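Student:
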Amino acid sequence: MFFAENIKFLRKRRKKSQADLAEQLEITRTTLAGYEKSVQPPFRVLIKFAEYFGVSIDALIRYNLQELSEFQLSQIEDGFDIDVTGKKLRLLTISVNQNGDENIEMVPLKAQAGYTNSYGDLDFIESLPKFSLPFLPKDKTYRTFQIEGDSMLPIPEGSWVTASYIQNWESIKDGTPCIIVTQEDGIVFKVVYKQLEKNQSLLLVSTNRNYKPYELPIGKVAEIWKFETYNGFEIEQSEFDIK
């Protein structure tokens, strides 16, 4: 664990005194001094440090940031997270049925703008239409997204793509169809090619060659879901009224 060393290193790199940093994080200088001497902080404080320095909680705890190159450190200071693997600590919000089994929530097109801002909001997730697919393995978490456009033919526009949640983005094999969730660019369904080491991005490719491939910076990605199956059923709009 490198939390104490890392926060002290990052504080000094930003030329902040303990008093300055403590004030910005809304904690006491004595408390900060304790953290820099290996006192374990509560989770809410970990979040504050991670957000302030622009580093994932996982990286802040597990990796010795002093061993990073100047280029990697400058990337952090420019807003890039050095953890581009997707293995950072993220809490996926799910809903369960009366038996305690996970539901498969459905995200219609009209709900997708709300989803990109509220995918961590339990009330929002529980408000989504739900169903189950008994033939799918129960060791994964699934979600179903309605797709827009014809960029992923032969899957037609308006189809519902059921996908499984990917925690470790490094596990994605090049050429895998995925649902990619971003806050800025919405939700897209594309074939994914990793460019994490090259330039910290994903290359997104359509099966319909009328659409050109494009790069998506990994820092914009909120969630990735691996394609499992699709169907063309319809749901009534009344099942999900956008407020």
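Start counting the sequence shown at 121; every next residue gets the next number (the working numbering).
Here a beta-carbon is modelled for each residue, glycine too, at the ideal position from N, C-alpha and C.
Quick caveat, the model's predicted, so the values are computed rather than measured.
(1) With which residues is MET226 paired in a DSSP beta bridge?
(2) Quick check on the DSSP output: the alpha helix (DSSP H) that includes ALA231 runs from which residue to which?
(3) From the DSSP output, in three-state form, read off PHE173 for me.
(4) Output the distance between the C-alpha atoms of GLY306 and LYS157, rounded to the nearest integer angstrom.
(5) Measure from the alpha carbon of CYS298 to the alpha carbon of each residue in LYS310, LEU188, PHE251, ASN288, then state which is nearest.
(6) Thinking C-alpha only, which one of PHE122, VAL281, ALA233 is nearest ALA179?
(7) If distances are taken between C-alpha atoms only, which option among GLU317, LYS132, SER271, ILE300 comes closest to ASN330?
(8) Leaving out five residues before and five after GLU359 in sequence, what residues of the same chain have Cβ atoms less than 6 Å from its Cβ?
(9) Using only CA atoms, which one of THR327, LYS346, TRP345, GLU317 lies nearest to PRO337?
(10) LYS314 bridges to which residues according to DSSP?
(11) Rank GLY240, PHE169, VAL165 by C-alpha distance to the C-alpha of GLN130 and give the top, closest one.
(12) Across the region 272-280 and the region 246-262, are there enough close Cβ pairs to call them in contact, namely three or more that are closer than 8 Å?
(13) Can you tell me whether ILE300 is helix, strand or coil according to DSSP?
(14) So is LEU212 buried or exposed if we call it buried at 16+ other beta carbons inside 10 Å?
(15) What is the C-beta distance between ASN184 and GLU125, in whole angstroms, given that I count them as a contact (C-beta under 8 Å)?
(16) For the region 221-239 and the region 319-326, state whether three or more C-beta atom pairs, one from each stretch, are separated by less than 8 Å.
(17) Report the CB separation of SER284 from GLU343 in whole angstroms; it is logged as a contact under 8 Å.
(18) Tell me the DSSP bridge mates of LYS250?
(19) Cα separation between ILE177 and GLY234?
(20) So is PHE163 buried or exposed if we call it buried at 16+ other beta carbons inside 10 Å?
(21) Closest by CA to ASN328, which one among THR282, GLY269, VAL281, GLN287?
(22) How many Å lie between LEU209 and LYS332 at the Cα?
(23) Compare the C-alpha of VAL308 against each of GLN315, TRP280, LYS293 and name the closest.
(24) Considering only the alpha carbon of each residue, which of ILE245, ARG263, LYS346, GLN266 lies closest to ILE292?
(25) Return the bridge partner residues of VAL308 from the DSSP annotation.
(26) Using DSSP's beta-bridge definition, name the partner residues of ASN351.
Tutor: A quick look at the data gives this:
(1) Taking the first residue of the sequence shown as position 1, residue 226 is located at position 106. Paired residues: THR264.
(2) For the purposes of this step, residue 231 is taken as residue 111 along the sequence shown, with counting starting at 1. Segment: none, ALA231 is in no alpha helix (DSSP H) and carries neither H nor E.
(3) Counted from its first residue, the sequence shown places residue 173 at position 53. If DSSP states are grouped into helix, strand and coil, PHE173 belongs with the helices.
(4) Within the sequence shown, the letter at position 186 stands for residue 306. Within the sequence shown, the letter at position 37 stands for residue 157. C-alpha separation (whole angstroms): 42 Å.
(5) Taking the first residue of the sequence shown as 1, we reach residue 298 at position 178. If we check each option's Cα against that of CYS298, LYS310 comes out closest.
(6) If you number the sequence shown from 1, residue 179 lands on position 59. Selected option, being the one with the closest Cα: PHE122.
(7) Sequence index remark: in the sequence shown, residue 330 carries index 210 (1-based). Out of GLU317, LYS132, SER271, ILE300, SER271 has the C-alpha closest to the C-alpha of ASN330.
(8) Numbered from 1 along the sequence shown, position 239 holds the residue referred to as residue 359. Here GLU359 scores only 42 on pLDDT, less than 50, and its place in the model should not be relied on; the value that follows carries that caveat. Here the set comprises PRO249.
(9) Position 217 of the sequence shown, counted from the first residue, corresponds to residue 337. Considering only alpha carbons, the answer is GLU317.
(10) By 1-based counting over the sequence shown, the position of residue 314 is 194. In the DSSP output, where bridge partners are listed per residue, LYS314 has LEU322.
(11) Counting from one through the sequence shown, the residue named residue 130 turns up at place 10. Position check: residue 130 holds Leu in this sequence, whereas Gln was assumed. Comparing Cα-Cα distances from LEU130 to each of GLY240, PHE169, VAL165, the minimum goes to PHE169.
(12) Output reads no: the region 246-262 does not touch the region 272-280.
(13) Here residue 300 corresponds to residue number 180 of the sequence shown, with the count starting at 1. Here ILE300 sits in strand by DSSP.
(14) Here residue 212 refers to the residue found at position 92 when the sequence shown is read from its first residue. Flag for LEU212 reads exposed.
(15) Along the sequence shown, read from residue 1 onward, the residue named residue 184 stands at position 64. Along the sequence shown, read from residue 1 onward, the residue named residue 125 stands at position 5. Going by Cβ atoms, the distance from ASN184 to GLU125 rounds to 7 Å, so yes, they are a contact pair.
(16) no
(17) The residue you call residue 284 lines up with position 164 of the sequence shown. The residue you call residue 343 lines up with position 223 of the sequence shown. The Cβ separation is near 11 Å, so there is no contact.
(18) Here residue 250 refers to the residue found at position 130 when the sequence shown is read from its first residue. Note: LYS250 sits in a beta bridge opposite GLU225.
(19) Counting from 1 along the sequence shown, the entry for residue 177 is found at position 57. Counting from 1 along the sequence shown, the entry for residue 234 is found at position 114. Whole-angstrom Cα-Cα distance: 26 Å.
(20) By 1-based counting over the sequence shown, the position of residue 163 is 43. Classification of PHE163: exposed, given that the 10 Å Cβ count is below 16.
(21) Within the sequence shown, residue 328 is the residue found at index 208, counting from 1. ASN328 has its Cα closest to that of GLY269, out of THR282, GLY269, VAL281, GLN287.
(22) The sequence position of residue 209 within the sequence shown is 89, counting from 1. The sequence position of residue 332 within the sequence shown is 212, counting from 1. Note that LEU209 scores 44 on pLDDT, short of 50, meaning its location in the model is unreliable and no value can be drawn from it.
(23) For the purposes of this step, residue 308 is identified with residue 188 of the sequence shown, where counting begins at 1. Out of GLN315, TRP280, LYS293, TRP280 has the C-alpha closest to the C-alpha of VAL308.
(24) Here the question's residue 292 lines up with position 172 in the sequence shown. With distances taken between Cα atoms, ILE292 lies closest to LYS346.
(25) Locating residue 308 in the sequence shown gives position 188, where the first residue counts as 1. ILE300, per the DSSP bridge assignment.
(26) Within the sequence shown, the letter at position 231 stands for residue 351. Its beta-bridge partners are TRP280.
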